[in-house]
Every structure is written in structure tokens, then in C-alpha cells.
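Novice: Residue numbers (my numbering), protein chains in the order written: chain A, 1034 to 1262; chain B, 5 to 895.
1. Assuming residue 283/B contacts residue 301/B under a Cβ cut-off of 8 Å, what Cβ separation, rounded to an integer in Å, is found between them?
2. Use the C-beta contact count for residue 858/B: other C-beta atoms within 10 angstroms, 16 or more gives buried, fewer gives exposed.
3. Of all Cβ atoms in chain B, is any one closer than 8 Å to the Cβ of residue 1199/A?
4. Could you spell out the range, first to last residue, of the beta strand (DSSP E) harbouring residue 259/B?
5. Using a C-beta cutoff of 8 Å, does residue 1241/A count as contacting chain C?
6. For residue 569/B, which residues of its own chain have a beta-carbon under 8 Å away from its beta-carbon, when the five flanking residues on both sides are left out?
7. Counting only Cβ pairs nearer than 9 Å, list the residues of chain A close to residue 511/B.
8. Beta carbon of residue 722/B: closer than 7 Å to some heavy atom of the ligand ADP?
9. Just checking: is the beta-carbon of residue 529/B within a distance shorter than 8 Å of some beta-carbon in chain A?
10. Expressed to the nearest angstrom, what Euclidean distance is found between the alpha-carbon atoms of residue 313/B and residue 229/B?
11. Measure the alpha-carbon distance for residue 409/B versus residue 831/B and round it to whole angstroms.
12. What does residue 1139/A reach in chain B if we use C-beta pairs closer than 8 Å?
13. Need the endpoints of the beta strand (DSSP E) that residue 183/B sits in, please.
14. Using a Cβ-Cβ cut-off of less than 7 Å, list which residues of the stretch 587-620 of chain B approach chain A; keep chain order.
15. Extract the residue ranges of the alpha helix (DSSP H) inside the stretch 787-832 of chain B, only unbroken runs of 4 or more that lie entirely within it.
16. Could you tell me the alpha carbon to alpha carbon distance between residue 1247/A and residue 737/B, rounded to whole angstroms?
17. Hey, does residue 1143/A have any beta-carbon neighbour from chain B nearer than 8 Å?
18. For the beta strand (DSSP E) that contains residue 234/B, what are its first and last residues?
19. Between which two residues does the beta strand (DSSP E) harbouring residue 42/B extend?
20. Using Cβ-Cβ distances below 9 Å, what residues of the stretch 1175-1189 of chain A are close to chain B?
21. Alpha carbon to alpha carbon, how far is residue 1217/A from residue 1224/A?
22. Which class does residue 694/B belong to by DSSP, given the choice of helix, strand or coil?
23. Look up residue 94/B in the DSSP assignment and say whether it is helix, strand or coil.
24. Given that residue 518/B touches chain A, what residues does it touch there, using C-beta distances under 8 Å?
25. Does DSSP classify residue 77/B as helix, strand or coil?
26. With DSSP as the reference, label residue 275/B as helix, strand or coil.
27. Is there a Cβ of chain A sitting closer than 8 Å to that of residue 522/B, yes or no?
28. Between which two residues does the beta strand (DSSP E) carrying residue 130/B extend?
29. Just curious, the beta strand (DSSP E) that residue 879/B is in, first and last residue?
30. For residue 80/B versus residue 247/B, is the C-beta spacing smaller than 8 Å?
31. Does DSSP put residue 1238/A in a helix, in a strand, or in coil?
32. Can you tell me which residues form a DSSP beta bridge with residue 149/B?
33. Can you pull the chain A residues whose beta carbon is under 7 Å from the beta carbon of residue 525/B, in chain order?
34. Skipping 5 residues on each side, what residues in its chain have a beta carbon closer than 8 Å to that of residue 609/B?
35. Which word fits residue 1281/A, buried or exposed, when buried means at least 16 other C-beta atoms lie within 10 angstroms of its C-beta?
36. If we cut at 8 Å on Cβ distances, does residue 1050/A have a partner in chain B?
Have a look at this one:
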């Protein structure tokens, strides 16, 4: 996937907010995932996979929701009626669940056990959905044309949308790469399904956030210079 | 790779006597120490089954404590056939021998049984019919049980035990061999910790006890009787065997004599080699030691016989080993021989003394010296088995690399003389390597010239192509993969490279099936994604033009004006495409869980494990029948009615033959003997279907190519060669194939080639194959064969093992027809096929040479190398079909 090539210059406060929120998310996930590594506490993803992944998912969801709320202050979503907003939020939750089930099915097609470890696979699906789909739901809303513009036409604006595009693709790629260590004969606890894929997913998401922040930075400065001259 | 030379000829008692007499005059001759011997061989009896404190084999354990038992180390491969050979000949199979001896032909070399029959003794055998294939000439009486149905673990053993009362009361044997298979079958079925194991061990315990009691009663003629209990190989914790892990190689070896030993025996802690049984047993029976023996006389066992006998036995063992050494490596025995002669002199001096003067200290000293000679001799022999012929290996790798690079550059302009030089020098090298197997005759001028010319070829090409090569490869990639959607095409290249790199790790070699499943699933999902993306683009043309400079390749396939006119039919098509891909993915997922293979998750239950349970026979039969019908229905679309009837008959005969062997259930039809006749009938049908396309009267439908008919014929053969439960896999493959026919997954011919090769690899593993030799289904070689014939069995075995890749290559050829390839396309297809096959081979061969002292080289890397080589041969033959088809047929 090539980087978004949009030339629209975002407003300054959106630009700074996006960069700051990216850094905040990266730090948050890193702290939640790698600080308690092998500590046998409730946040340890190796021994308490389900519980810790639930916490990570919850924190990613809340942060993205907050980002979404901040961004939507400028859009016309806030001006719509309350019932419309509630319906939209419920629909969004439904889409999120659908995405989770979709990723669950994909994981089974990739060879995850069908009868055993259902909750593990489901948690993996939920994590992938919350890094790859949920930010999109928060920022792009339910309008399909927005999604198409961002994901299949490289038409993301230089702001939260490009962050969504890059981080979604890189978190899926990360989860895909995360499957590589499973067959190795090292006999480690963390080689259990789905820990490596979850960690790969999170690492991919973090890389995506960092890359998109850098991309944003570079493009923004380029464009501003261009505009000034 | 080192090939071991076998010492041909059988040693006779006379020569043994003569040789030992000439070295040490007055040495005591061969003497029989036991009257009747019973060898109870329990398949997969690993050491802790007998020696652990809470073993179910309590009676045997009690007997052992009064006698002698050892922990023996079996050599790899821990598979029954090589183990039986080792137990009877004392030789260690080299790696190549495993391959050469896959079919159990009659064994012609020297072994204990041949010695027995030469000496006019009677050998009686009951058990695994592998023995009968190997040694049937030497048995007075025998009855074999087939180890074909792993699910049966009671009947195989009852068939052995039921002979016991008669044999033991008659007692007219000299050696009775009982080979029990039940434990091994339980291991394969349920693993060593299953609840089935203790009852089976108790049953074995009773058998051993009964035999021992009867032997005590049979005592006569002044000589005691001997009962030997051993396992041929162990059992891993997953229940399989074949590798070199501790539990697979450690087996018990118990000598239970009816004459109680004077010295205390019990379990001896030190480990011995399993083949040490051979010289020991030979000496105890008063037979010459088989000439290929590498075993070492077990002193614990001959201790009873007195110093004079002991030394004589050792002398004979030493002479035999030195003879073998001289035969194997002329000149290498000179240093050992000096030491040996001094020992012999000491021995004769000791003999010349009167019995009163002989000191036990001196005897002990001689004994130690003999043992040293034996150790030196065996280590010299075995060292050769593990030395590598490095110059030869490097030459081969260089040859491979030049071939590969030549191929890569052949895109450009093949300069004739370069190719000529290359071919000639390669031929010379091959001739040279096959002629000289030993290490250093390599300084000859011919060798140097040919290597130099290879180098010359390399450098010329490199110089010539330096500038254009990079562009060439890029150009080729772009042109050949662009058609299939850039995402899928790019991934086909990336995946091939990824697989090549993954082979450099032993775990990924063991779990290679995971790689292929992963890659093939990914390509399907990528296709799904790109279909969905294009759908969106096409449904919203206004948005598509929003940023047309970057997204124009999505639009290129259908210009804007067309989109609006047939949007409805287009979205229908896309829905169809998504559905197709979903079917493909689902079929791939089911095929994946059909057979567990590899190493790490081998113990997990799979669908086949459940299907082959005896209770599910009816279900299996129904499933097989349904899948055969499905295959027929899907095929009949491509065939004329005559061909349809023929293939229907063929498929029915397959079912009939399976029913005759008892694997399936078929009412109302008589069962034929071992299903040979029906199998042959379906061979005939395959042949007729193939021939029918050339008949003048048959005008096949215009859209149907010859390849489709070949594919149908192959499917019938494929079903015939598979185990019954794998028939369902063929049905899945047929479904996938017919879906792919109309699918837009791959559009350019070269991308299709790579994609179908991937599908073939995935199919190869889903039928239960792996990169270990133990998983080759030997039974498939005997379909429709009455007895062993090297050529057809090897041929069928090859076809059956590589059935999946062959099927998908045929499918590729059929698909290629529909793509209407141009000449340039065809050229690229050849190139792509060759590169995909060669790339992994070239990299892997070089890697294995550098890693030749790796711990897993014998168990993981070399089998994979063999598989890769075989793979290359198969794809080479298939490519020849491709070339023939297009250069002779179409023009």
C-alpha cells in the first residue's frame, strides 16, 4: 500500500492533536503490553491472555472513542439529533461485533482450531477489529463512501484519516507476520495461539501509528513550505 | 553422500575355523551353547515399558532379575524394516540404504537366518510379513500377518499367539521368532500413554511367561534353552517412530536362559548397541558371525562359558570385523592389524599354558586388548559412514548454481557455445563423481578443466549480462504477474521467496505444511480483498474519479462508460467471485484438518483419525461413495458419454477394491482377493479414458482440451492410489479445481503456474505427507500388485506420494488452455515453473552442505533434500509434458 498522497492541508490544531494522540496511543499500548511481560500479574499477556487482552482492547477502544469525539466536534455529527446519534453509535457497535466475527472466521480459515480455544480466537478477532476497524468507525462513521475513499482510493486526508489507513493495514500485516514464530520448536509459553498474533497485531498497530505520525509530519511541513513559497 | 559397500558372500564355519586357527593355534572351535532359542520381538517396545518400576510386565521383570537384560540403542532410522535387517545382519544402514531398500526385496546378504539354514537348523517364524519378504527362504515354517491396518491391534497378535501351543509342545524348532505388532499399532493410534497400552503389555507378559515355562519343560540334550525379548524400535511421546529421539531409540534387550546363571544378572545399566545382539547370538548358537556385522560381542552374555570360550568368541568377532574393514577400506586396517597380531600371540601363548598355569588376570588382559581392536575397527568403519565427500558436494552445488544462473539468464540470448561448454563439463563431472566415490582422486586434470570451464561459463554469462540482468528480472516479474491483480501477483513472488528462506530453519522444514497452508490461504484472502476493493470502485465511479491519478489501475479494467451500463451484471459477477473464493477457502480449511502432519502438532487428533475408527466404517463408506459421485458429476461436464461411463466404472472399481480389502463396506458385491482384480480393472479404465480421446469417432466438445481428459483420467488413478479416507480430499480438490476454472483469481499464465504449484504443495501435505520419510504411504505402491516388483511398485509409490502436485499441475495445464497463451507467455511459463522449482533447491542444497554437521541433518535436512530432489524430478517430467504439448501438438 502506498502512502496517502492527499494534498489538502489540515488545520493546525487537528495536525498537532493527531500527532499527540498517536504518541499517546503508542506509549499506552507499549506500557500495557510489554511492561507486565512475564510478571504473572493480571496484565501479563503470556499467562493471562484473555484478561490482559480484554484490558488492552478496552483501553484502545476508549482512547479511539475519545479521539473520535474530539474530531467529531468539528464535523456536523454533533449537530444531528440525539436519537440519530444513539442509533449511529449502536450501529457502529454492531459493525464492530461483525468485524470481530469476520476476523474470527478468517483466523479459523488460517488454521486456528475450530472447536477448542474459541474464546482465545474470539479475543484475537476483537483485538484485530479494535485496531483495524474501530478507529475507522470512530473517525469515518458509517458512511460507506468515506471508507471507500480512504481504503481503496488512497484518498485519505492528511490527518486522522491517513492515520487510520496506515495503522489498519499495518496492524493486519502485523497479525499476519505474528503467526510466523508459532511453528518454531522453541517450546516457549508465548508461542501458544493467539499470543504471537496478538502481539504482532499490537506491534503492527504501533508501527503504523509511528509511521503515520512521521508521514504526517513530513508531508505537513512539505505542503506548508509549498504554500508559503 | 557416502554409499556403503556391502561385503558379498557368506562366511562359512570352515573359513572361520581356518582363519582363527591360523592366527591362534589351538583355539576352541564354534560351539553351540543353547538348544532351542525363542526370539520374541515386540514392535515399538521401548525401554521404559519393561524397566520402569510400575511396569505391567511383572512376570517378565521377575525373570529379568534372575537373568540378564540390557538397554539397547537402536540406530536410526527407527523403522521396522531396517531394524529387522540390523537385528539379523548386524549392519548399520547408511542414509542412502533407507531409500534403496524401501521395497522389502529378498535379502541376499549374510545374516543369522541364512547361517541357521546352512547349518541345517530349523527356523520357525510367526508375525510381521516383512520378515517373510526378506527371509522366506530360510524359514522351515512361517505365517505372516500384515501390518496394513493400523486400527487392528488384537487380531494381529492373536494370529501369532495361536500358533504357540502347537509349536511349543512339538518343540521341533531350533529358532522360533515371534514378531508382535499390536503395541506399535496402539502407539500409532493412541500414543504411549493411552489406556490400551497396559493391557497389551500384560498380554505380552503372559506370552513371554508361557514361552519361558514351556522352554523350561523342553529342556533336553544337555543344553539349556534361551528366550530373547527385545523391541525393534521405541516409541516417541506422540506414539510414532522413525527419528532419533531418546525414547525412539532405547529398547530393552533381555536374555532369559532356562539355566540359571551363576553370577547375578539383573538389569545392566550401561547401554549397548542393538546390533550387538547379532555376534552374541551367533556365538551362542555356534554359528559364524554374519560378515557385515558391526556389532560387538556382549561379554556379559558369554561370561558363563569360561575364559577359553570367551576368548575364542572374541577372536572370531575380531577377525570378522577386520575382514569387513579390509573389504570396506583397503589399506585402512594396517595400524589395527599390528596391534591385533600382538594380541593373537598373547592369546596363543595363554593357550599353550596348561590349565593350571593360566591366570585369569592374563585372560582379562587379552580380553581388554581384543575389545580395543574391535572398537578401533568398528569406529574406523562407522567413521566412513559419516564422512562427507566435500569436494564432490561442493562440485555438485556449483553445478546446480551454474544451471540455475544459466536458466535465469536464458531469457536473454543463450550463446550456443557457452551452453555447449556447460553441458559437456557437467556431463564430465557427473561421470567423474559416479565413477569415483572415495575422497581424493580429484586432482586429475579432467576434473580441474571441467570445474574451470564451469567457472568460465559463469563469468562469461555474468559479464555479458551484468547490465541487463536486473532489468530483465524486473521486466519478467512485471510482465508475468501483473495480469493477476498486482496484489496477488506480488504476493506470489514474495511468498515463493519467503518459502525459500523458511527452509533454512529446521522447524520450518518440519512444519513446511504450515507454510504452504498459510501462503495459499493468504493468496485466496488477498484475492477476496482485491475483488471487494474493485467492487467498491466500480459501484461508485464518481468517487473513483476523485483521485484518478493514483487509482487508475483499478479503473483500467473497466472504463467508466461501461461501468454504468452493466453495473448490475457486474456486481452479480463479483458476488459470484466472492462466493467462489469462499468455497475455495472452506475446502482448503477442511483439507488442512484432514491429516495432521509435521512434528509439533502431529499428536493432535484429525478428521482421519476419527474416520478410520472401526465404528465409523459405514460412515466412511458413505462419505467415500458420496465423494466419488461428486467427482464423477463434476467430471462428466467435460467428458463425452463413453468417457463418463468409463470413468464411472473406474471409480466403482476403486470402491470395490477398497471394500475387498475390508476398509469399506459394500453390500451385494462379492469380495475379491485383496482387491487386486478391481484395482486392475480401474487401471484399465484409466487407460481406456486416455486412449478414447484419440479415437476418430469421438468428437469431444470444442471447449474441452486434451488436458481436461487427461485430468479426468488422472483423477481416477489418483483416487485408486489414495487411502480410502483420502478419497474425500480428491473430491475437495475436484471442487476447488472446477471453481478455479471459472474464477478470476489468476489471469496471467505465469501467475497461474506459481499459484497451481502452491496448491499442489498444499495438497501434497494435506494427504498426510511430511518432510520425514516415515510418512510415505508404502501401501500405495502395492495397489493391484500381487507381489513385489521393483519397477511398478516404485512407480506407483512415486505417483501416489506426489499425487497432489501432479493433480494440480494437470489442472494448470487445463487452465492454461482456457487462457489462450501466446508464444511469449508460454516461454515465460516454462521459465516460471523452472525458477520456482529450482530456487528452493539451489538455496537449500548450498545450505545443507554448509550445515552438514548440524544436529538434525539426518532426521530433518537430508530427508527434505531428498523430497526436494524428487520434487524436481516430478516437475521436470511434468514440464516435459508441457513442452511436448505445445511444441508438437499445437503447431
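Backbone N, C-alpha and C fix where the C-beta goes; we use that ideal spot for every residue, glycine too.
Specialist: In terms of the structure at hand:
1. Within the second chain, the letter at position 279 stands for residue 283/B. Within the second chain, the letter at position 297 stands for residue 301/B. Confirmed, about 5 Å.
2. Locating residue 858/B in the second chain gives position 854, where the first residue counts as 1. Exposed.
3. Taking the first residue of the first chain as position 1, residue 1199/A is located at position 166. So, not an interface residue.
4. Taking the second chain and counting its residues from 1, the one referred to as residue 259/B is at position 255. Counting along the chain, the beta strand (DSSP E) containing residue 259/B begins and ends at 254-261.
5. The structure shown contains no chain C; its protein chains are A and B.
6. For the purposes of this step, residue 569/B is taken as residue 565 along the second chain, with counting starting at 1. Legend: pLDDT at residue 569/B = 46, less than 50; position of this residue unreliable, no value from coordinates given.
7. In the second chain, the residue the question calls residue 511/B occupies position 507. The contacting residues are 1216, 1217, 1218 and 1219.
8. Absence of the ligand ADP from the depicted structure is noted, as is the absence of any ligand whatsoever, leaving it without description.
9. As a first step, residue 529/B must be located in the second chain, where it is residue number 525. At least one chain A Cβ lies under 8 Å of residue 529/B.
10. Taking the first residue of the second chain as position 1, residue 313/B is located at position 309. Taking the first residue of the second chain as position 1, residue 229/B is located at position 225. Rounded to the nearest angstrom, the two C-alpha atoms are 19 Å apart.
11. The count along the second chain starts at 1 and reaches residue 409/B at position 405. The count along the second chain starts at 1 and reaches residue 831/B at position 827. Cα to Cα, the separation comes out at about 17 Å.
12. In the first chain, the residue the question calls residue 1139/A occupies position 106. What residue 1139/A touches in chain B: 529.
13. Position 179 of the second chain, counted from the start, is the residue given in the question as residue 183/B. First-last of the beta strand (DSSP E) with residue 183/B: 179-184.
14. 589, 593, 596 and 604
15. 794-805 and 807-823
16. Working through the first chain from its first residue, we reach residue 1247/A at position 214. Working through the second chain from its first residue, we reach residue 737/B at position 733. Taking the straight line from one Cα to the other gives about 47 Å.
17. If you number the first chain from 1, residue 1143/A lands on position 110. By this cut-off, residue 1143/A is an interface position.
18. Taking the second chain and counting its residues from 1, the one referred to as residue 234/B is at position 230. Start and end: 230-235.
19. Stepping through the second chain from its first residue, residue 42/B is reached at position 38. Element bounds for residue 42/B: 41-46.
20. 1177, 1178, 1180, 1181, 1182, 1184, 1185, 1186, 1187 and 1188
21. Within the first chain, residue 1217/A is the residue found at index 184, counting from 1. Within the first chain, residue 1224/A is the residue found at index 191, counting from 1. Using only the alpha carbons, I get a separation of about 8 Å.
22. Along the second chain, read from residue 1 onward, the residue named residue 694/B stands at position 690. DSSP places residue 694/B in helix when its eight states are reduced to three.
23. The sequence position of residue 94/B within the second chain is 90, counting from 1. Of the three classes helix, strand and coil, the one that applies to residue 94/B here is coil, per DSSP.
24. Counted from its first residue, the second chain places residue 518/B at position 514. Result: 1144, 1215 and 1216.
25. Sequence index remark: in the second chain, residue 77/B carries index 73 (1-based). Reduced to three states, the DSSP call for residue 77/B is strand.
26. One-based indexing of the second chain puts residue 275/B at position 271. Three-state result, residue 275/B: strand.
27. The sequence position of residue 522/B within the second chain is 518, counting from 1. At least one chain A Cβ lies under 8 Å of residue 522/B.
28. Your numbering for residue 130/B matches position 126 in the second chain. Residues 127-132.
29. Translated into positions along the second chain, residue 879/B becomes position 875. Element bounds for residue 879/B: not the beta strand (DSSP E) but the alpha helix (DSSP H), 866-888.
30. The sequence position of residue 80/B within the second chain is 76, counting from 1. The sequence position of residue 247/B within the second chain is 243, counting from 1. Yes. Within cutoff.
31. Translated into positions along the first chain, residue 1238/A becomes position 205. Note: residue 1238/A maps to helix in three-state DSSP.
32. By one-based count along the second chain, residue 149/B stands at place 145. DSSP, once it has assigned bridges, lists 132/B as partnering residue 149/B.
33. Locating residue 525/B in the second chain gives position 521, where the first residue counts as 1. What residue 525/B touches in chain A: 1142 and 1143.
34. As a first step, residue 609/B must be located in the second chain, where it is residue number 605. Counting only Cβ-Cβ distances below 8 Å, and skipping sequence neighbours, we find 600.
35. Residue 1281/A cannot be examined here, being either before or after the span of chain A that is shown, 1034 to 1262.
36. Residue 1050/A sits at position 17 when you count from the first residue of the first chain. Taking Cβ atoms only, chain B never reaches closer than 8 Å to residue 1050/A, which makes this a no.
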